[in-house]
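Chemist: So the sequences go chain by chain: S and D. Residues in the first sequence are numbered from 9 upward in steps of one, following our numbering. Residues in the second sequence are numbered from 9 upward in steps of one, following our numbering. For glycine and all other residues, C-beta sits at the position ideal for the given N, C-alpha and C. Take this structure, written in structure tokens, and hold onto it; I'll ask about it next.
Number of protein chains: 2
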Amino acid sequence: MAENRTASNSADQGEARGNRLLAALPAEAFERLRVHLDPVSFTLGEVVYESGGHMEYVYFPTTSHISLLYTMIDGSTAEMGLVGQEGVVGIALFMGGETTPNRAMVQGAGLAFRMKAKAMLDEFKRGGDFQHLMLRYTQALITQISQTAVCNRLHTVEQRLCRWLLMTHDLTQSDELQMTHEFISHMLGVRREGVTMAANRLRETGMISYVRGQIRILDRQQLMAHVCECYQVVKDEHSRLLG
Amino acid sequence: MAENRTASNSADQGEARGNRLLAALPAEAFERLRVHLDPVSFTLGEVVYESGGHMEYVYFPTTSHISLLYTMIDGSTAEMGLVGQEGVVGIALFMGGETTPNRAMVQGAGLAFRMKAKAMLDEFKRGGDFQHLMLRYTQALITQISQTAVCNRLHTVEQRLCRWLLMTHDLTQSDELQMTHEFISHMLGVRREGVTMAANRLRETGMISYVRGQIRILDRQQLMAHVCECYQVVKDEHSRLLG
DNA sequence: GCCTTTATGTGCGTTGCCGTACATAGCAGA
DNA sequence: TCTGCTATGTACGGCAACGCACATAAAGGC
Chain S
9 MAENRTASNS
19 ADQGEARGNR
29 LLAALPAEAF
39 ERLRVHLDPV
49 SFTLGEVVYE
59 SGGHMEYVYF
69 PTTSHISLLY
79 TMIDGSTAEM
89 GLVGQEGVVG
99 IALFMGGETT
109 PNRAMVQGAG
119 LAFRMKAKAM
129 LDEFKRGGDF
139 QHLMLRYTQA
149 LITQISQTAV
159 CNRLHTVEQR
169 LCRWLLMTHD
179 LTQSDELQMT
189 HEFISHMLGV
199 RREGVTMAAN
209 RLRETGMISY
219 VRGQIRILDR
229 QQLMAHVCEC
239 YQVVKDEHSR
249 LLG
Chain D
9 MAENRTASNS
19 ADQGEARGNR
29 LLAALPAEAF
39 ERLRVHLDPV
49 SFTLGEVVYE
59 SGGHMEYVYF
69 PTTSHISLLY
79 TMIDGSTAEM
89 GLVGQEGVVG
99 IALFMGGETT
109 PNRAMVQGAG
119 LAFRMKAKAM
129 LDEFKRGGDF
139 QHLMLRYTQA
149 LITQISQTAV
159 CNRLHTVEQR
169 LCRWLLMTHD
179 LTQSDELQMT
189 HEFISHMLGV
199 RREGVTMAAN
209 RLRETGMISY
219 VRGQIRILDR
229 QQLMAHVCEC
239 YQVVKDEHSR
249 LLG
């Protein structure tokens, strides 16, 4: 999948502007980068980076989105962040760490544009708009991770499920989300049954519907009314930094 | 307190090397920065930055340490990170965000060296060792925050208390930590009674002793055996990036 | 020495989530 | 159509942490 890149042509790379970070670059910087951008198609569940593994590319998602996860020794997992068209996967490459202790996994199938670490670093080291944008995005991601830390501590599964559904919906081009309760449970770091119970309550009040791995968002307004403050904090901080 | 700075003299600023980030700088870069470094004495509970507030300085702690906290609308709080002599407070300034939604509060009284945002940014924009060091430290901090997110979700109060005591001990020059159960409860985001119960169990097994806001670390080995894996993950990643 | 304040200890009922077990219901392939 | 697999529903006991109330104990002011 990750290998279905075409010969670089401008039609492909124009679509890279579907990623909001790339879209925010001035034309001059984007022109320098576009030859290094290759489209990649991600499938659900695909592992983009393994924890501590070698990172060859950074990825700018357009229609895909990717979870940043940590896996404990006992195998239990929890998500710390979620990256879609508003961000970039692989910040460790420009932060200088080369790798991270986290796994990155595709949570929504779709497209991304990848760039070799070296090409990205060359542009980063120019110290211009690209660097500025990457660092501001990184700060937004830090806010997201921080808020996840606090949210995990202080809010219920039901509230966290609302937040997670809203975040995922924001990164998805449709009201249909393809994911099982089991999958969500690994993201929220809770039991599958806990997700089933919470999802059931959201269904009873008409916020969502679902059957076998197909969740439909029916009433965003009501979800927004139900979610904890964390959702809005992260969103506001993101628009302050990159809006 | 924050105003007891002396006329800049080299004796003072030599002590700035007590901060490990400043210590890791090559002499040439440090020489450029040293005239901008002013010693500051922090008292327990002092607020360094307010959430969303103006940030005039970055701070390089030497003997003090500072908590990064988030406060919910209902007043409940939880810590996302802890910064001492190995780090710097105010990363939002070089990340380009100017502020953050977090509060920074002094958790251990002591010294730090502060630098005006502009002077710091001038050096950062040179793109040399200073920038490199700041970014690598930021990545280490991201790991700490991430691990806190996961730890909050998956581990018990007792395990998290062990982790927090060990982290704090690492940043303190003595085995005596001055903090009440009440204070710790705000950091861990739990009830005061929960801290009392957990602390009591650690005392019964001889790991710590305490009376009225004075905690003494008696048996680090046993604490290490009791803590969740999160402690070591953060420490290892920190040495990988900055060791 | 007494009084006040602050820190810690303890009890009690409740809740959220866990671990486990098993039942049902869609869907796919033989 | 039957079979098997996967996704979801439900139940039960257990435990960790909660909210609340109040008891004790150490330090400090007078």
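Throw me the rounded Cβ distance for the S:A206 and S:L169 pair, which I believe falls under 8 angstroms.
Modeler: That pair is a contact at about 5 angstroms.
Chemist: Would you list the residues sitting across from D:G89 in a DSSP beta bridge?
Modeler: DSSP, once it has assigned bridges, lists D:L76 as partnering D:G89.
Chemist: Pick helix, strand or coil for D:S217, following the three-state DSSP scheme.
Modeler: If DSSP states are grouped into helix, strand and coil, D:S217 belongs with the strands.
Chemist: Among the candidates D:I153, D:G251 and D:V241, whose CA atom is the shortest distance from the CA of S:E87?
Modeler: For S:E87, the nearest C-alpha among the options comes from D:I153.
Chemist: Buried or exposed: where does D:S255 fall if 16 or more other Cβ atoms within 10 Å of its Cβ makes it buried?
Modeler: No answer is possible for residue 255 of chain D: the residues shown for chain D start at 9 and end at 251.
Chemist: So with CB distances below 8 angstroms, who are the chain S contacts of D:K243?
Modeler: Neighbours of D:K243 on chain S: none; closest Cβ ~12 angstroms, over 8 angstroms.
Chemist: Apart from the five residues on each side of it in sequence, which residues of its chain come closer than 8 angstroms, Cβ to Cβ, to D:L29?
Modeler: Counting only Cβ-Cβ distances below 8 angstroms, and skipping sequence neighbours, we find F68, E94, G95, V96, L141, M142, Y145 and L250.
Chemist: Buried or exposed: which applies to S:A232, given that a residue is buried once 16 or more other Cβ atoms fall within 10 Å of its Cβ?
Modeler: The displayed chain sequence assigns Met, not Ala, to residue 232 of chain S. Classification for S:M232: exposed.
Chemist: So is S:L173 in contact with chain D if we call contact Cβ pairs under 9 angstroms?
Modeler: Judged by the 9 angstroms Cβ criterion, S:L173 is not in contact with chain D.
Chemist: Applying the 10 Å Cβ sphere with the 16-neighbour rule, what's the burial state of D:H189?
Modeler: So D:H189 ends up on the buried side.
Chemist: Assess contact between the region 107-115 of chain S and the region 73-88 of chain S, defined as three or more Cβ pairs (one per stretch) separated by less than 8 angstroms. Is contact present?
Modeler: At 8 angstroms Cβ cutoff, the stretches touch.
Chemist: Rounded to whole angstroms, what's the CA-CA distance from S:Q21 to D:T164? Just pull it up for me.
Modeler: Near 48 angstroms, if we compare the C-alpha coordinates of D:T164 and S:Q21.
Chemist: Taking D:R209 and D:E166 to be in contact with their CB atoms under 8 angstroms, please state how far apart those CB atoms are, rounded to whole angstroms.
Modeler: 6 angstroms between Cβ atoms; contact.
Chemist: Looking at the strands, I want to know which residues DSSP matches up with D:D65.
Modeler: Reading the sequence as shown, one finds Tyr at residue 65 of chain D and not Asp. Answer is D:K124.
Chemist: Please classify D:N12: does DSSP put it in a helix, a strand, or coil?
Modeler: Since pLDDT at D:N12 reaches only 44, below the 50 mark, its modelled position is unreliable, and the value read off the structure follows with that caveat. Coil at D:N12, not helix or strand.
Chemist: If the criterion is Cβ atoms closer than 9 angstroms, does the pair S:G214 and S:N160 meet it?
Modeler: No, these two residues do not count as a Cβ contact at 9 angstroms.
Chemist: Could you check if D:I223 is buried or exposed, using at least 16 other CB atoms within 10 Å of its CB as the buried criterion?
Modeler: Under this definition D:I223 is a buried residue.
Chemist: Use the C-beta contact count for D:V242: other C-beta atoms within 10 angstroms, 16 or more gives buried, fewer gives exposed.
Modeler: Buried, since its Cβ has 16 or more Cβ neighbours within 10 Å.
Chemist: I'd like the span of the beta strand (DSSP E) that includes S:S49, first residue to last.
Modeler: D46 to F50 is the span of the beta strand (DSSP E), which, as asked, contains S:S49.
Chemist: Compute the Euclidean distance between the alpha carbons of S:A24 and D:T108, then round it to the nearest angstrom.
Modeler: The alpha-carbon atoms of S:A24 and D:T108 are separated by roughly 30 angstroms.
Chemist: Could you have a look at S:A207 and say whether DSSP puts it in helix, strand or coil?
Modeler: Correct three-state label for S:A207: helix.
Chemist: For D:V56, which residues from the same chain have a beta carbon less than 7 angstroms from its beta carbon, with the 5 sequence-adjacent residues on both sides left out?
Modeler: For D:V56, where only same-chain residues beyond five positions count, the Cβ hits under 7 angstroms are Y67, I74, V97, A112, M113 and V114.
Chemist: Is the Cβ of S:A100 closer than 9 angstroms to any Cβ of chain D?
Modeler: It does: the Cβ of S:A100 has a partner Cβ on chain D nearer than 9 angstroms.
Chemist: With 7 angstroms as the C-beta to C-beta threshold (strictly closer), list the residues of the region 110-121 of chain S near chain D in chain order.
Modeler: Hits within the stretch, in order: N110.
Chemist: Whose C-beta lies closer than 7 angstroms to the C-beta of D:A100 among residues of the same chain, with five residues either side of it excluded?
Modeler: Same-chain partners within the cutoff: M63, E106, T107 and T108.
Chemist: Who pairs with S:Q186 in a beta bridge, going by DSSP?
Modeler: Answer is S:Q222.
Chemist: Note the first and the last residue of the continuous alpha helix (DSSP H) segment covering D:V158.
Modeler: Taken as a continuous stretch (DSSP letters only), the alpha helix (DSSP H) holding D:V158 covers D137 to L162.
Chemist: For S:T108, which residues in chain D fall below 9 angstroms Cβ to Cβ?
Modeler: Near S:T108 (Cβ distances below 9 angstroms), the residues of chain D are Q147, I150, T151, S154 and E245.
Chemist: Could you run through the region 126-143 of chain D and flag, in chain order, every residue whose CB is less than 7 angstroms away from some CB of chain S?
Modeler: For the region 126-143 of chain D, which is checked against every Cβ of chain S, the residues closer than 7 angstroms are K133, G135, H140 and L143.
Chemist: Just verifying my parser: in three-state terms, what is the DSSP assignment at D:G22?
Modeler: Correct three-state label for D:G22: helix.
Chemist: With DSSP collapsed to three states, give me the class of S:V235.
Modeler: If DSSP states are grouped into helix, strand and coil, S:V235 belongs with coil.
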